[in-house]
Amino acid sequence: MHLFMSGDSIRRRLYFGLWILLMSGGPSSAQAPSSTYQVAPWRDFRQAAISFTFDDNLPNQLAIAVPMFNRFNFKVTLFTVTSPKWVWPANWNGLQKAASEGNEIGSHTINHPNFDTLSDSALRSELLLSQDTISAHIKGQRCITIAYPYCVPGNEAIDAEYYIAARGCSGQIVSKTPFDFMNISSFVCGDQGLNSVDAVETEANKAATSGGWCVYLIHGINFNEPGAYSPVSQDTIFAVLKYLSANPDKFWVAPFGTVARYIKERNSASISEVSAAADSIVVHLEDDLDSAFYDVPLTIRRPLPSGWVSVAVRQNGETMPSQIVKLQGVNYVMFEAVPKMSDITIEKR
Ligand SMILES: [Zn+2]
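Using the numbering used here, read the sequence shown as starting at 57 and increasing by one per residue.
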């Protein structure tokens with residue numbers, strides 16, 4: 057069995073040959089080295105992650121933006137101010153519908169205060185009660201991310217007691233592993249920031265070049281919402297979405313909290329091969345995170361065993377997305393799996 061641990065593909069083939077000759081059929085206790093398996097930096101090994109976030113509950117976000125994103129099957133994050141006294145009170149039915157479609161509802165606090173002006177107890181109240189209010193109204197997901205009003209973090213250690221990630225707006229591409237999850241940078245779109253299709257696309261391409269994460273921040277859409285900060289036209293957004301959609305190998309468009317969880321899962325994932333038979337491989341995927349909400353599928357690939365032409369990947373009784381990809385002359389099986397859920401079976405077809 058130690059032969060198997062070398063990870064050498066020729067020896068592996070010999071091992072499989074031997075396995076067939078012996079007609080054993082039982083599971084192997086050997087494990088392939090973890091280097092056999094690669095976890096994608098971003099879903100499907102795309103070059104960049106792109107997140108669109110919306111603040112302040114402007115009505116056009118649900119009326120115009122979400123349906124437009126739906127047409128491209130892109131999901132967004134709606135950072136919501138929860139006080140009924142807020143100038144644009146939350147449309148809970150509309151937000152629940154958006155959540156049911158796969159969009160994320162995050163917190164933008166209760167009253168939209170500047171965190172630097174708050175006592176610790178007032179800060180805790182803004183963090184916790186906005187989260188509770190969202191959880192009470194939105195079923196099927198947890199509120200785990202926040203956008204700081206005016207992009208002011210206040211006390212990040214306290215923020216981190218309630219949220220796994222937070223969004224600021226310092227106008228930078230975020231690296232593959234963020235320096236600070238409690239102050240993720242974003243680009244303001246509209247007349248106070250990126251205000252043309254070219255300017256918005258340029259930042260997405262910078263993220264692709266550096267393998268990073270580009271987060272956009274949108275408030276008003278079109279110019280018919282008095283008081284909306286930095287409005288942007290829907291035509292601009294539409295053109296950008298068309299561009300991102302036309303480059304699916306390059307851009308992974310996903311909600312802010314989905315990307316944040318993907319990064320944390322990817323960085324703490326460990327993979328081991330439980331068994332390897334001639335026509336089936338069993339893989340264990342572990343991480344050290346709370347599986348109650350760290351349940352975003354990771355993309356993983358491994359070399360396709362010799363003689364396999366088609367595969368099916370299953371986890372927890374379900375067929376997981378998988379495909380065979382060729383890289384520099386080598387075939388790989390690329391598949392999705394959720395850490396800690398149950399072991400993954402890759403079957404020869
Ligand atoms: Zn705001």
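Backbone N, C-alpha and C define an ideal beta-carbon position, used for all residues, glycine too. Given the structure is predicted, the values throughout are model-derived calculations rather than measurements.
Cut-off 7 Å between Cβ atoms - residues of its own chain near residue i, not counting five sequence neighbours on either side
i      : result
Ala216 : Met238
Thr233 : Ile319, Asn323
Ser412 : Because the chain in this structure spans residues 57 to 405, residue 412 falls outside the shown range and cannot be described.
Gly158 : Lys131
Gln371 : Ala393, Val394, Met397, Ser398, Ile400
Met79  : Confidence at Met79 is low in this model, with a pLDDT of 34, below 50, so its placement is unreliable and no value can be given for it.
Ser301 : Phe128
Cys199 : Ile161, Gly162, Ser163, Gln187, Ile190, Ser191
Val389 : Arg357, Arg358, Leu360, Val367, Ser378, Ile380, Ile402
Whole-angstrom C-beta distance between residue j and residue i, which should lie under 8 Å
i      : j      : result
Asp112 : Trp148 : No, Asp112 and Trp148 are not in contact; Cβ-Cβ is about 16 Å, not under 8 Å.
Gly267 : Ala104 : 7 Å
Tyr272 : Val256 : 7 Å
Val309 : Trp269 : Contact flag wrong, Cβ pair sits at about 11 Å.
Phe135 : Leu297 : In fact, because the Cβ distance is near 19 Å, the residues do not count as touching under 8 Å.
Ile356 : Ile327 : 7 Å
Below-8 Å beta-carbon distance, residue i vs any chain B residue
i      : result
Gly150 : Absent from the structure is chain B; it holds one protein chain and no more.
Contacting residues, own chain, Cβ-Cβ under 6 Å from residue i (five flanking each side not counted)
i      : result
Glu160 : Thr133, Pro311, Gly313
Ser91  : none
Ile214 : Leu179
Gly276 : Leu114, Ala284, Pro287
Arg317 : Tyr350, Val352
Ala121 : Ile277
Glu212 : Met238
Val338 : Val330, Ser331, Asp399, Thr401
Phe108 : Val132, Tyr272
Cys245 : Tyr272, Ile274, Val288
Where residue i falls, given that 16 or more other Cβ within 10 Å makes a residue buried
i      : result
Leu174 : buried
Tyr206 : exposed
Thr375 : exposed
Asp291 : exposed
Gln117 : buried
Phe171 : buried
Ala155 : buried
Phe349 : exposed
Phe279 : exposed
Arg127 : exposed
Val369 : buried
Leu354 : buried
Gly81  : Its pLDDT being 35, under 50, Gly81 is placed unreliably by the model, and nothing is read from it.
Pro83  : Residue placement at Pro83 cannot be trusted, given a pLDDT of 37 that sits under 50; the coordinates are not used to answer.
Pro282 : exposed
Val367 : buried
Asp176 : exposed
Asp343 : buried
Leu383 : exposed
Ser65  : Here Ser65 scores only 36 on pLDDT, less than 50, and its place in the model should not be relied on; the value that follows carries that caveat. Its Cβ having fewer than 16 others within 10 Å, Ser65 is exposed.
Val381 : exposed
Ala192 : exposed
Residues near residue i by beta carbon distance below 8 Å, same chain, minus five either side
i      : result
Leu185 : Thr138, Ile166
Ile229 : Ser241, Glu259, Lys262, Ala263, Ser266, Gly268, Trp269, Cys270
Gly196 : Ala155, Ser156
Gln94  : Ile356, Arg357, Arg358
Nearest neighbour of residue i, chosen from the options [CA to CA]
i      : options                        : result
Phe235 : Phe243, Ala221, Val244, Leu300 : Ala221
Leu341 : Ala325, Val244, Trp308         : Ala325
Ile202 : Ile194, Ser191, Gln187         : Gln187
Ile190 : Val339, Val338, Ala284, Leu151 : Leu151
Asn303 : Ile200, Ile106, Ile274, Pro97  : Ile106
Tyr219 : Arg357, Ser231, Leu183, Trp364 : Leu183
Asp346 : Ile120, Glu321, Ile337, Cys199 : Glu321
Arg358 : Asp343, Asp344, Gln379, Gly373 : Gln379
Gly363 : Ser331, Arg405, Pro377         : Arg405
Asp335 : Leu360, Pro209, Ser181, Gly224 : Leu360
Val386 : Gly373, Val365, Glu403, Pro377 : Val365
Arg223 : Pro169, Leu300, Glu329, Gly162 : Gly162
Trp142 : Ile402, Pro169, Phe110         : Pro169
Trp98  : Asp305, Phe243, Phe110         : Asp305
Cys225 : Phe110, Val367, Ser289         : Phe110
Gly373 : Phe307, Lys382, Ile402, Ala332 : Ile402
Ile194 : Ala146, Ala295, Gly227         : Ala146
Ala119 : Tyr204, Phe101, Lys153         : Lys153
With ligand 1 as the reference, list in chain order each residue whose Cβ lies under 6 Å from any of its heavy atoms. Asp111, Asp112, His164, His168, Pro205
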